[in-house]
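J.: Quick one: the structure is below, questions incoming.
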Amino acid sequence: MSRSVIAIFDIGRTNKKFLLFDRSYEVVHQESQQFEEIVDEDGFISEDITAIVKWMKKTFNAHLKNRNRPIRALNFTAYGSTLVHVTRTGKPVSPIYNYWKPISQDVKDAFFSSLGDKDAFMKDTSSPDIGMLNAGLQLYWLKHFRPETYGKIHTSLFLPQYCSSIFTGRNFSELSSLGLHSMIWDYSKERSHDWIYNEKLNSKFPPIINVTSSEKVVIKNRTIKCGIGIQKSAGALIPYLMSSERTYLSLNTGCWSFAMNPFDKDPIDLKDLEQDCFMSLSFRGEPIRTSRVFIGREHDYQVNRICEHFGTTKADLLALEYDSSIVSKLVENQLDERKFFPQNAPNTGPLEKRDWPETKLEHFENYKEAYFQLILDLAYMQKAAIKLVIDAKGMDKIFISGGFSENIIFTTILSSMLPEIQFFKNNIQCTAALGAALVLHNQWNQETEISNLLSFEEIEPDEEIDFDSYILK
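Quick note on numbering: the UniProt record's numbering labels position 174 of the sequence shown as 174, and the sequence is numbered without any gaps.
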């Protein structure tokens with residue numbers, strides 16, 4: 001078999017990765033980079049896109065010289081809800097606006113008053129009201145409240161497509177980014193919502209093409225098939241969509257944890273949206289019932305607090321093995337002052353939207369007890385999110401990937417909380433990057449069969465503990 005590879009840039013919120021997959025879709029090289037954040041014109045934290053682009057070009061060119069692993073194709077996956085606004089020549093006109101950047105109530109009031117029926121609009125676009133995480137709202141804000149910046153914009157690209165444009169010089173849109181609670185995509189009409197045309201914002205978005213498409217580019221006298229990129233949560237679902245016909249739910253964990261049910265087409269209602277449950281679009285443009293919870297960042301935030309309070313390290317916490325006796329004690333003796341309520345990502349997730357109290361760590365005897373309580377509560381949040389997307393139509397399998405799939409405390413507790421469902425973790429940790437590689441399969445690697453790429457390990461629940469009585473409220 002040829003030694004040819006496909007290169008993938010995987011742009012996460014914290015880690016930016018470069019990976020090489022061989023023709024069997026095994027990772028043969030991986031490197032990771034973190035970047036110092038900068039601030040936008042309002043002093044709010046922002047990605048240093050200039051430094052990231054410089055790293056991408058330097059890294060790719062360095063590996064292009066390696067004749068032992070000739071690169072035949074290149075693609076990208078990146079986090080969602082993030083736009084890069086560029087001039088006609090492709091130069092960013094502003095910093096990347098962080099999706100946590102606050103947006104004033106005046107902006108939101110003006111926006112929603114222009115639409116008429118807010119509830120109907122939110123259902124049509126399958127978008128909770130979550131500020132800058134609604135990418136379309138950012139363009140409205142720029143047009144009406146930052147006209148000088150807006151006037152410089154020729155094209156608005158989602159981050160995966162901007163990454164692609166760096167290498168191709170071409171601008172495209174794709175459905176998985178447009179359809180992710182952006183307030184842009186109208187699920188009832190299967191096109192951009194009327195307000196986009198009324199505001200003449202459609203001129204800012206390039207043509208929509210299929211993510212299985214590629215552009216031929218010549219770099220350093222090498223011809224490369226370059227993809228247009230895909231949003232990370234949609235990318236993480238691709239290996240399952242391409243290799244399994246069974247009914248399942250995909251749980252991709254990381255900074256955000258996305259539970260995705262490709263088999264549930266039931267309409268989303270306002271109650272769903274209030275609990276951060278919405279429709280997203282697959283790489284094929286199919287609607288997927290999706291729920292989301294911010295457990296990765298919540299985990300890191302609370303771990304830092306635990307380490308500081310008890311004078312221990314993150315490595316000590318992550319090395320802990322599952323201990324049924326500790327979990328049993330925590331479940332049987334529920335004390336609200338010891339529970340870890342969400343402190344990050346306001347107005348997101350499945351729990352009630354309110355100001356939750358912060359846990360006082362002096363209530364714990366040691367760091368081990370505190371960490372087990374944290375994981376118990378994160379698992380509860382995840383269970384609540386899963387229940388929003390699981391239906392009663394024979395759904396009995398969940399495939400879990402990402403960082404939490406390697407946390408045996410989390411996987412044991414979560415699988416125990418949903419005993420009617422079998423939990424499996426797969427053999428691949430870079431699932432979104434693999435998805436970005438697989439969408440270009442027919443462009444560079446037709447000699448490989450991809451129906452049996454994944455293997456799974458079943459997660460064993462703790463059947464000795466009754467988790468039904470445990471509640472986080």
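Built from N, CA and C at the ideal position, the CB exists for glycine as well.
Which partner residues of V84 appear in the DSSP bridge assignment?
T.: Along the sequence shown, one-based indexing puts residue 84 at 84. Answer is L157, bridged to V84.
J.: Excluding sequence positions up to five away, which residues of its chain have a Cβ less than 7 angstroms from the Cβ of E358?
T.: Taking the first residue of the sequence shown as 1, we reach residue 358 at position 358. Q343.
J.: Grab me the residues of N202's own chain with a C-beta within less than 7 angstroms of its C-beta, minus the 5 sequence neighbours each way, in chain order.
T.: Here residue 202 corresponds to residue number 202 of the sequence shown, with the count starting at 1. Closer than 7 angstroms at the Cβ level, and outside the excluded window around N202, lie S192, I196.
J.: If you reduce the DSSP assignment to three classes, tell me which class C226 lands in.
T.: Numbered from its first residue, the sequence shown carries residue 226 at position 226. DSSP places C226 in strand when its eight states are reduced to three.
J.: Which residue from L249, D10, Y25, E36 puts its Cα closest to that of L453?
T.: The count along the sequence shown starts at 1 and reaches residue 453 at position 453. The residue with the shortest Cα to Cα distance from L453 is Y25.
J.: Tell me the rounded alpha-carbon separation between V39 and D48.
T.: Here residue 39 is taken as the residue at index 39 of the sequence shown, counted from 1. Here residue 48 is taken as the residue at index 48 of the sequence shown, counted from 1. Approximately 8 angstroms, taken between the alpha carbons.
J.: Nearest-angstrom Cα distance between S243 and V331?
T.: Counting from 1 along the sequence shown, the entry for residue 243 is found at position 243. Counting from 1 along the sequence shown, the entry for residue 331 is found at position 331. Looking at the two C-alpha atoms, the distance is approximately 38 angstroms.
J.: Quick test of the definition: if touching needs 3 or more C-beta pairs under 8 angstroms, does the region 208-226 touch the region 405-424?
T.: They do not touch, by the three-pair rule.
J.: Quick check: W444 and I8, are their CB atoms within less than 9 angstroms of each other?
T.: Here the question's residue 444 lines up with position 444 in the sequence shown. Here the question's residue 8 lines up with position 8 in the sequence shown. No; because the gap between Cβ atoms is not below 9 angstroms, this pair is not in contact.
J.: Candidates R292, L472, S164, D264: which alpha carbon is nearest K57's?
T.: Locating residue 57 in the sequence shown gives position 57, counting from the first residue. Selected option, being the one with the closest Cα: S164.
J.: Return yes when the Cβ of L83 is within less than 9 angstroms of the Cβ of F60, no when it is not.
T.: Here the question's residue 60 lines up with position 60 in the sequence shown. Here the question's residue 83 lines up with position 83 in the sequence shown. It is not a contact, given that the beta carbons lie outside the stated cut-off.
J.: For residue 489, count the other beta carbons within 10 Å of its own beta carbon; 16 or more makes it buried, fewer makes it exposed. Which is it?
T.: For residue 489 there is no data in the structure shown, the boundaries of the chain being 1 and 473.
J.: Locate the beta strand (DSSP E) running through A78, then write down its first and last residues.
T.: On the sequence shown, residue 78 is found 78 positions in, with the first residue counted as 1. Element bounds for A78: 71-78.
J.: Round the Cβ separation of K108 and L440 to the nearest angstrom and send it over; I've been treating them as touching at under 8 angstroms.
T.: The residue given as residue 108 occupies position 108 in the sequence shown. The residue given as residue 440 occupies position 440 in the sequence shown. In fact, because the Cβ distance is near 39 angstroms, the residues do not count as touching under 8 angstroms.
J.: Going by C-alpha distance, which of L157, F310, W256, S291 is nearest K204?
T.: Taking the first residue of the sequence shown as 1, we reach residue 204 at position 204. Nearest option by C-alpha distance: L157.
J.: Taking the continuous beta strand (DSSP E) assigned at A259, which residues delimit it?
T.: Looking up residue 259 in the sequence shown gives position 259. First-last of the beta strand (DSSP E) with A259: 257-261.
J.: Report yes or no: is there a C-beta of chain C within less than 9 angstroms of the C-beta of G311?
T.: Although the question refers to chain C, the structure presented lacks it and comprises just one protein chain.
J.: When the Cα atoms are used, what is the spatial distance from S176 to S104?
T.: By 1-based counting over the sequence shown, the position of residue 176 is 176. By 1-based counting over the sequence shown, the position of residue 104 is 104. Each residue's Cα considered, the two are about 27 angstroms apart.
J.: Label A319 either buried or exposed according to how many other C-beta atoms from any shown protein chain fall within 10 Å of its C-beta, with 16 as the threshold for buried.
T.: Taking the sequence shown and counting its residues from 1, the one referred to as residue 319 is at position 319. With fewer than 16 Cβ atoms within 10 Å of its Cβ, A319 is classed as exposed.
J.: Assuming L251 contacts F399 under a Cβ cut-off of 8 angstroms, what Cβ separation, rounded to an integer in Å, is found between them?
T.: Within the sequence shown, residue 251 is the residue found at index 251, counting from 1. Within the sequence shown, residue 399 is the residue found at index 399, counting from 1. Yes, L251 and F399 are in contact; Cβ-Cβ is about 7 angstroms, under 8 angstroms.
J.: For T290, does the three-state DSSP call read helix, strand or coil?
T.: As a first step, residue 290 is located in the sequence shown; it is residue number 290 there, counting from the start. Three-state DSSP puts T290 in a strand.
J.: Please specify which runs of the beta strand (DSSP E), each continuous and at least 3 residues long, are wholly inside the region 113-163, giving them in chain order.
T.: Whole beta strand (DSSP E) segments, 3+ residues: 155-158.
J.: Using 8 angstroms as the threshold, is the region 117-131 in touch with the region 177-185, meaning 3 or more CB pairs across them?
T.: Yes, the region 117-131 touches the region 177-185.
J.: Classify C430 as helix, strand or coil using the three-state DSSP reduction.
T.: Along the sequence shown, one-based indexing puts residue 430 at 430. Coil, per DSSP.
J.: Report back the beta-carbon spacing between S282 and P262 to the nearest angstrom; my notes put them in contact at under 8 angstroms.
T.: As a working mapping, residue 282 is identified with position 282 in the sequence shown. As a working mapping, residue 262 is identified with position 262 in the sequence shown. Yes, they are in contact, since the Cβ atoms of S282 and P262 sit about 7 angstroms apart, within 8 angstroms.
J.: Thinking just about the alpha-carbon of each residue, which of K271, K353, L361, G285 is nearest to the one in V303?
T.: Working through the sequence shown from its first residue, we reach residue 303 at position 303. For V303, the nearest C-alpha among the options comes from L361.
J.: With a Cβ-Cβ cutoff of 9 angstroms, do Y79 and Q231 count as a contact?
T.: If you number the sequence shown from 1, residue 79 lands on position 79. If you number the sequence shown from 1, residue 231 lands on position 231. Yes, they are a contact pair.
J.: Any idea what DSSP makes of M279, helix, strand or coil?
T.: Counted from its first residue, the sequence shown places residue 279 at position 279. Of the three classes helix, strand and coil, the one that applies to M279 here is strand, per DSSP.
J.: Terminal residues of the continuous alpha helix (DSSP H) containing Q373?
T.: Position 373 of the sequence shown, counting from 1, holds the residue named residue 373. 367-387 is the span of the alpha helix (DSSP H), which, as asked, contains Q373.
J.: If you compare alpha carbons, which of R338, G311, K397, K383 is closest to F372?
T.: Within the sequence shown, the letter at position 372 stands for residue 372. Minimum Cα distance to F372 is reached at R338.
J.: Can you check which of these residues, V293, K16, L237, is closest to L32 by C-alpha distance?
T.: Walking along the sequence shown from the start, residue 32 turns up at place 32. Note that residue 32 is Ser in the sequence shown here, rather than Leu. Comparing Cα positions, the closest option is K16.
J.: Using 9 angstroms as the threshold, is the C-beta distance between F310 and W256 below it?
T.: Along the sequence shown, one-based indexing puts residue 310 at 310. Along the sequence shown, one-based indexing puts residue 256 at 256. No, they are not a contact pair.
J.: Which residue comes first and which comes last in the alpha helix (DSSP H) that contains N252?
T.: For this step, residue 252 is matched to residue 252 along the sequence shown. Per DSSP, N252 belongs to no alpha helix (DSSP H); it is in the beta strand (DSSP E), 249-253.
J.: To the nearest angstrom, how far is it from the Cα of Y470 to the Cα of I45?
T.: Translated into positions along the sequence shown, residue 470 becomes position 470. Translated into positions along the sequence shown, residue 45 becomes position 45. One C-alpha to the other measures close to 38 angstroms.
J.: Looking only at its chain, what residues have a beta carbon closer than 8 angstroms to the beta carbon of L270, apart from the 5 residues adjacent to it on each side?
T.: Taking the sequence shown and counting its residues from 1, one reaches residue 270 at position 270. The residues are D119, M122, K123.
J.: To the nearest angstrom, how far is the alpha carbon of F35 from that of A51?
T.: Against the sequence shown, residue 35 aligns to sequence position 35. Against the sequence shown, residue 51 aligns to sequence position 51. Distance between the alpha carbons of F35 and A51 is about 8 angstroms.
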